[in-house]
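Undergrad: For the sequence shown, numbering that gives the first Met the number 0 begins at 0 and goes up steadily by one. Attaching a single structure in structure tokens format; questions to follow.
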Amino acid sequence: MLNDSHPENTRCPQAARLNFENAGMATLWPGNRPGRYVQVHMPLLCSSSPALNRWFAPPGRKSKEPQPILADVPIQLLNTYVDWLYRRRLTTKHEETLECAHARSEIREDDEYCELAMLYRLGRLLEDGNFCNAVIDACIEKLADVPCVGVSTLPGCHYIELIYGEPEYPDDMAKKAVIDAFVESGRPVHFDGMAEQVPERFARDLSRALLASRGRGFSGAAEQGDQPCKYHDHFGIAECDVGRARKRRKLS
Numbered sequence: 000m001l002n003d004s005h006p007e008n009t010r011c012p013q014a015a016r017l018n019f020e021n022a023g024m025a026t027l028w029p030g031n032r033p034g035r036y037v038q039v040h041m042p043l044l045c046s047s048s049p050a051l052n053r054w055f056a057p058p059g060r061k062s063k064e065p066q067p068i069l070a071d072v073p074i075q076l077l078n079t080y081v082d083w084l085y086r087r088r089l090t091t092k093h094e095e096t097l098e099c100a101h102a103r104s105e106i107r108e109d110d111e112y113c114e115l116a117m118l119y120r121l122g123r124l125l126e127d128g129n130f131c132n133a134v135i136d137a138c139i140e141k142l143a144d145v146p147c148v149g150v151s152t153l154p155g156c157h158y159i160e161l162i163y164g165e166p167e168y169p170d171d172m173a174k175k176a177v178i179d180a181f182v183e184s185g186r187p188v189h190f191d192g193m194a195e196q197v198p199e200r201f202a203r204d205l206s207r208a209l210l211a212s213r214g215r216g217f218s219g220a221a222e223q224g225d226q227p228c229k230y231h232d233h234f235g236i237a238e239c240d241v242g243r244a245r246k247r248r249k250l251s
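So, in structure tokens, the structure goes:
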């Protein structure tokens, strides 16, 4: 899905140069604002989005003809995408964190994650691999941000619903990224209130990833000398005779 646009390279082969001579403008029509549109140079758009390149390819196709593929896309997302096309940056960082309208967990979900998820879905819709990669990188960068009080540091229900929504893409790296984030940094409080709301596929993927990444657990508990009463109801308070005997056997 990666496009050959060399977004990170300062110097590129001359063959990668786009031809803007007498280039026309493509008009993108969003679904939520009738009569409003976004314009972008045709060579830039078509070199980045194979889906729109196919739409504009037929002879006689008018550049201002509405695109069915964008029928459900908000104009704000198109603006962000076109801004990225020209400047290779994602303007999603919020000055202050607001509660996501779709968040249903006790800890508030960060709006920016919701927006990034919608942008990722747009990237998949447009088949723009470089844009999808940029969105995933932004999500990973956001994980390192210092969180606001009462706001989850991890993506919430709405983000996960969008990433796991239809149509489902095989080998989706956004799914892998969110699973890895929960395995690496997740705490019980992050999952409180989410278990009944997230897609079953997410819960299944997370369970598999947690089992695959687990450290020394139940299999070593019986001979674990430093925590001989790990599964006793008094664990953390005192050791019982069985625990002390187990520790002696380990040390002998």
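Note that beta-carbon positions come from the ideal geometry of N, C-alpha and C, so glycine has one too. Treat the numbers as computed from the prediction; the structure is a model and nothing was measured.
Taking 6 Å as the limit between beta carbons, can you name the residues of its chain near R103, skipping five residues before and five after?
TA: Position 104 of the sequence shown holds residue 103. Residue placement at R103 is flagged as unreliable, the pLDDT there being 39, under the threshold of 50; the coordinate-derived value follows with that caveat. These residues qualify, in order along the chain: C156 and Q196.
Undergrad: Give the DSSP-derived three-state secondary structure of N18 in the structure shown.
TA: Locating residue 18 in the sequence shown gives position 19, counting from the first residue. Coil.
Undergrad: Please confirm if I74 has its CB atom under 8 Å from at least one CB of chain C.
TA: Checking the listed chains, one finds no chain C in this structure; it contains a single protein chain.
Undergrad: In angstroms with no decimal places, state the Cα-to-Cα distance between V182 and F55.
TA: Along the sequence shown, one-based indexing puts residue 182 at 183. Along the sequence shown, one-based indexing puts residue 55 at 56. In a straight line, the C-alpha of V182 is about 43 Å away from that of F55.
Undergrad: Going straight from the alpha carbon of Y36 to that of E199, what length do you get?
TA: For the purposes of this step, residue 36 is taken as the residue at position 37 of the sequence shown. For the purposes of this step, residue 199 is taken as the residue at position 200 of the sequence shown. Taking the straight line from one Cα to the other gives about 37 Å.
Undergrad: So, helix, strand or coil for H157, using DSSP?
TA: Here the question's residue 157 lines up with position 158 in the sequence shown. Correct three-state label for H157: helix.
Undergrad: Under DSSP, the alpha helix (DSSP H) around Q75 begins and ends at which residues?
TA: On the sequence shown, residue 75 is found 76 positions in, with the first residue counted as 1. It spans I74 to R86 - the alpha helix (DSSP H) in which Q75 sits, taken as one unbroken run.
Undergrad: Identify every residue that forms a DSSP beta bridge with V37.
TA: Residue mapping note: residue 37 aligns to position 38 of the sequence shown, counting from 1. In DSSP, V37 forms a bridge with L27.
Undergrad: Can you give me the start and stop residues for the alpha helix (DSSP H) that G122 sits inside?
TA: Translated into the one-based positions of the sequence shown, residue 122 becomes position 123. From DSSP, the alpha helix (DSSP H) with G122 extends over D110 to L125.
Undergrad: Could you give the C-beta distance for L255 and A116, rounded to a whole number, given that I count them as a contact under 8 Å?
TA: The requested residue 255 is not part of the displayed model; the chain covers only 0 to 251.
Undergrad: Are at least three pairs of beta-carbons, each pair with one atom in the stretch 117 to 134 and one in the stretch 77 to 92, less than 8 Å apart?
TA: With a cut-off of 8 Å, the stretch 77 to 92 and the stretch 117 to 134 count as touching, because enough Cβ pairs lie within range.
Undergrad: Check this for me: beta carbons of L266 and A25, under 8 Å apart or not?
TA: Nothing can be reported for residue 266, as the shown portion of the chain is limited to 0 through 251.
Undergrad: Kindly indicate which three-state DSSP category E199 falls into: helix, strand or coil?
TA: By 1-based counting over the sequence shown, the position of residue 199 is 200. Helix at E199.
Undergrad: Mapping the DSSP letters down to three states, classify E64 as helix, strand or coil.
TA: What you label residue 64 is simply residue 65 of the sequence shown in a count that begins at 1. Coil, per DSSP.
Undergrad: Thinking C-beta only, is Y168 closer than 8 Å to L121?
TA: Taking the sequence shown and counting its residues from 1, the one referred to as residue 121 is at position 122. Taking the sequence shown and counting its residues from 1, the one referred to as residue 168 is at position 169. It is not a contact, given that the beta carbons lie outside the stated cut-off.
Undergrad: Buried or exposed for P33, please, with buried defined as at least 16 other CB atoms from any protein chain shown within 10 angstroms of its CB.
TA: Taking the sequence shown and counting its residues from 1, one reaches residue 33 at position 34. When all chains shown are included, P33 counts as exposed.
Undergrad: Using DSSP with H/G/I as helix, E/B as strand and the rest coil, what is L89?
TA: The residue you call residue 89 lines up with position 90 of the sequence shown. Note: L89 maps to coil in three-state DSSP.
Undergrad: Taking only the alpha-carbon atoms, compute the straight-line gap between H253 and C113 and give it to the nearest angstrom.
TA: As shown, the chain starts at 0 and ends at 251. That puts residue 253 outside it, with no answer to give.
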